[in-house]
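Here is the structure we will look at, set down as structure tokens.
In full-length UniProt numbering, the protein residues as written are 1 to 389.
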């Protein structure tokens, strides 16, 4: 099993998401310098990498330099950073893109660049260290659908605060670090998180404050997903809202057997997602049958939301029946009234958290009063969310 690299150069986890990037609208060729010598005489950059223009070619790839025994001089690292950012913005994501000869140094630069530049793209990045490959693709259109939709509909511009000092931002699969009781460091990686950033000069504590977290139960059981939510909540006492999206399949997906049908399918030219998946009736989430095999068949999509109690505790327990737990059905019917109500309460909590941070940072009294007069509004167009699946 290859070692994978995740957040901030840690060699532990498989998936990295940069949720703040825009989807590219066109394809541009990406080429690095063919050869550049560093001060030690070694070749710092190599290859004449390019993206193959044929989307049906399963070997679409980009070569980014050749690793050497020398550390790249800073001026070359900056060249790579600019090229990587350009690549992420302009890559066509309708097919998997594989960047070869992508070293750990390259990946560290990429993570730094993403954190500094706040790109606007929904791209899923997976780095395989031993193979020195970076895989670039769209987030799963099923697993991440609601989370991507939720990210795009949370608007806080009407609150009236200074967005440069205080900001709300959403992230997918981003690490949350914390200190465990024994003093060692721990890390939680929820599918979704909404954090409040306190960038004022008078920030009293950590600049990133997690407020909402979410998990998707698709390939794992709901009980396992709730357990993960509880672990995150325990390590992040600032969280006000935790939610779980459960996606149910019937029959449960299993890898197709390597029979004659699959051999026939594999022998055909590579097809883009939109060409592979047949058109489904409006309001249907499957089954998707191609070459007599059911690739996916979603029968039910439900939601569970947990809001912190007045005493400050947030309890994730599917057996609860109180005002701090809401359940909803998105598919096959839409019954999200209770979810809407709890989301409204959670949105009000965001404003109260902002006010508390401003008061702790000794902000101007008039600025605080302006935020106090505002109202949080989070109206989710569930029909559009359903279409995003």
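We put the CB at the ideal spot given by N, CA and C, even for glycine.
Give every residue of the same chain whose Cβ lies closer than 8 Å to the Cβ of residue 185, excluding the five residues on either side of it in the sequence, and list them in chain order.
-> Short of 8 Å from the beta carbon of residue 185, and not among the five residues preceding or following it, lie these beta carbons of its own chain, in chain order: 177, 178 and 179.
Is the CB-CB distance between residue 248 and residue 327 below 7 Å?
-> The Cβ-Cβ distance between residue 248 and residue 327 does not fall below 7 Å.
Indicate the three-state DSSP secondary structure (helix, strand or coil) for residue 336 in the structure shown.
-> Residue 336: coil per DSSP, three-state reduction.
Assign residue 188 to buried or exposed, taking buried as 16 or more other Cβ atoms, counted over all protein chains shown, within 10 Å of its Cβ.
-> Counting Cβ neighbours within 10 Å, residue 188 comes out buried, since at least 16 surround it.
Collapsed DSSP secondary structure at residue 360 in the structure displayed | Here residue 360 sits in helix by DSSP.
Please go through the same chain and pick out, in chain order, the residues whose beta-carbon is closer than 8 Å to the beta-carbon of residue 217, but skip the five residues on each side of it.
-> Excluding residues within five positions, the ones whose Cβ falls inside 8 Å are 224, 225, 244, 245, 246 and 247.
Out of 214, 220, 238 and 221, point me to the one whose CA is closest to residue 356's CA.
-> Here the closest residue by C-alpha is 238.
Please name the residue, chosen from 383, 382, 358 and 135, that lies closest to residue 372 on a Cα-to-Cα basis.
-> The closest CA to that of residue 372, considering only 383, 382, 358 and 135, is found on 358.
Please check the pair residue 354 and residue 380, which I expect to be a contact at CB under 8 Å, by giving their CB distance rounded to whole angstroms.
-> Not confirmed; about 21 Å, so no contact.
By how many angstroms is the C-alpha of residue 266 removed from the C-alpha of residue 25?
-> Only weak support exists for where residue 25 lies, its pLDDT of 27 falling under 50; the value from the coordinates is given anyway. Here the alpha carbons of residue 266 and residue 25 stand approximately 29 Å from one another.
Taking DSSP as the reference, what is the three-state secondary structure of residue 249?
-> Strand at residue 249.
Who pairs with residue 302 in a beta bridge, going by DSSP?
-> Note: residue 302 sits in a beta bridge opposite 246 and 329.
Report all residues from its chain with a CB closer than 6 Å to the CB of residue 229; omit the five preceding and five following residues, and keep chain order.
-> In the same chain as residue 229, and ignoring 5 residues on each side of it, the C-beta atoms closer than 6 Å to its own belong to 215, 242 and 316, in chain order.
Helix, strand or coil for residue 51, going by three-state DSSP, please let me know.
-> No answer about residue 51 holds up, because its pLDDT of 27 lies below 50 and its placement is not dependable.
Close beta carbons around residue 262, own chain, < 7 Å, minus the five adjacent residues each side | Cβ within range, chain order: 256.
The beta strand (DSSP E) spanning residue 268 covers which residue range?
-> Where residue 268 is concerned, there is no enclosing beta strand (DSSP E), given that its DSSP letter is neither H nor E.
With DSSP run on the structure shown, which of helix, strand or coil describes residue 178?
-> Correct three-state label for residue 178: strand.
Identify the continuous alpha helix (DSSP H) that holds residue 290 and give its terminal residues.
-> For residue 290, no alpha helix (DSSP H) run applies; the uninterrupted beta strand (DSSP E) run containing it begins and ends at 288-290, by DSSP.
Pick from 305, 133 and 384 that is closest to residue 398, judged by C-alpha positions = Residue 398 is absent from the structure shown; the chain starts at 1 and stops at 389.
For the alpha helix (DSSP H) that residue 224 lies in, which residues bound it at each end?
-> 222-235 is the span of the alpha helix (DSSP H), which, as asked, contains residue 224.
Could you give the distance in angstroms between the alpha-carbon of residue 109 and the alpha-carbon of residue 212?
-> In a straight line, the C-alpha of residue 109 is about 28 Å away from that of residue 212.
DSSP three-state call for residue 387: helix, strand or coil?
-> Residue 387 falls in the helix class under three-state DSSP.
For the candidate residues 250, 387, 349 and 374, whose alpha-carbon lies nearest to that of residue 309?
-> Nearest to residue 309 by alpha-carbon distance, out of 250, 387, 349 and 374, is 349.
Considering only C-alpha positions, which residue in the set 277, 319, 335 and 340 is nearest to residue 302?
-> Among 277, 319, 335 and 340, the Cα nearest to that of residue 302 belongs to 335.
In this structure, does DSSP put residue 392 in helix, strand or coil?
-> Absent from the structure is residue 392, since the part of the chain shown begins at 1 and ends at 389.
Between 183, 181, 209 and 170, which lies nearest to residue 192 when the distance is taken from Cα to Cα?
-> Here the closest residue by C-alpha is 170.
Measure from the alpha carbon of residue 322 to the alpha carbon of each residue in 168, 307 and 283, then state which is nearest.
-> Closest in alpha carbon position to residue 322, among 168, 307 and 283, is 307.
Taking residue 351 as the reference, which of 370, 337, 365 and 341 has the closest Cα?
-> Answer by Cα proximity: 370.
What did DSSP end up calling residue 348 once you bin it into helix, strand or coil?
-> If DSSP states are grouped into helix, strand and coil, residue 348 belongs with the helices.
Could you spell out where the beta strand (DSSP E) holding residue 193 opens and where it closes?
-> Its beta strand (DSSP E) spans residues 192-198.
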